[in-house]
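See below for the structure under consideration.
Shown next as structure tokens:
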């Protein structure tokens with residue numbers, strides 16, 4: 047009697063197939079769920095990196111705009127800006143915007159912030175040299191005023207303002223507001 051029941055259990059293989067298929071389905075479902083969690087955490091880290099880059103770009107933009115918005119009574123004003131994020135690959139300033147780039151795990155993040163005030167991304171010495179070259183040695187300083195129409199001066203400055211200045215993010219950025227004097231004008 048016991049011998050007759052044993053062969054009958056071993057002959058029915060349907061239970062083994064169901065067990066194997068259900069275990070395989072559980073493993074596949076576990077892999078899908080784990081990969082979804084991994085992707086969510088990666089996306090969250092990417093979002094956090096983008097937010098940090100946006101905050102840094104906004105900080106630099108505000109530092110430049112604060113100098114530009116100072117009153118005419120304070121015609122000469124300067125400030126400095128130090129980058130908090132040391133992982134910024136490139137920081138670029140033009141006359142119209144600030145652009146920061148960051149590379150994280152092979153993905154390049156960008157943050158571009160428009161400037162409120164037109165900016166000339168040059169050192170004051172370079173600016174004075176350009177003006178002196180274009181206006182017969184007059185560099186727009188109070189002692190060497192420029193004898194030209196304001197539109198002509200603005201045209202030359204706007205050309206220079208379109209050029210990109212790549213900043214060294216490991217050093218302090220110096221921001222300066224400086225006057226350019228024209229004859230028969232301020």
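Numbering (the numbering used here), first residue to last: 47 to 232.
Note that the Cβ used here is the ideal one computed from N, Cα and C, for glycine as well.
Just so you know, these numbers come straight off a predicted model, no measurement behind them.
| field | Minimum C-alpha distance to residue 129 - residue among 224, 223, 228 and 219 | value | 219
| message | Can you tell me whether residue 195 is buried or exposed? The criterion is at least 16 other CB atoms within 10 Å of its CB, across all chains shown. | response | exposed
| said: Which residue marks the beginning of the alpha helix (DSSP H) containing residue 176, and which one marks its end? | reply: 170–180
| query | Taking the runs of the beta strand (DSSP E) that are 3 residues or longer, which of them lie wholly in the region 176–227? | reply | 211–213 and 219–223
| Taking the Cβ atom as the reference point for each residue, do residue 167 and residue 209 lie within a distance shorter than 8 Å? | yes
| said: Please classify residue 181 as buried or exposed, where buried requires at least 16 other C-beta atoms within 10 Å of its C-beta. | reply: buried
| said: Tell me the DSSP secondary structure of residue 146 in three-state form. | reply: strand
| field | Assigned secondary structure, residue 90 (DSSP; H/G/I helix, E/B strand, else coil) | value | helix
| query | What are the residues that DSSP puts in a beta bridge with residue 122? | reply | In the DSSP output, where bridge partners are listed per residue, residue 122 has none listed.
| request: Look up residue 159 in the DSSP assignment and say whether it is helix, strand or coil. | output: strand
| Are residue 141 and residue 165 closer than 8 Å when you measure CB to CB? | yes
| If you count every other CB in all the chains shown that lies within 10 Å of the CB of residue 61, and 16 or more means buried, which is it? | exposed
| Simplified DSSP assignment, three categories, for residue 166 | coil
| request: Measure the CB-CB distance between residue 189 and residue 177 and report whether it falls below 8 Å. | output: no
| field | Residues near residue 157 by beta carbon distance below 6 Å, same chain, minus five either side | value | 99, 100, 103 and 146
| message | Within 10 Å of its beta-carbon, does residue 148 have 16 or more other beta-carbons around it, so buried, or fewer, so exposed? | response | buried
| request: Can you say whether residue 69 is buried or exposed, counting buried as having 16 or more other CB atoms within 10 angstroms of its CB? | output: exposed
| Inter-residue Cα distance where the pair is residue 202 and residue 154 | 34 Å
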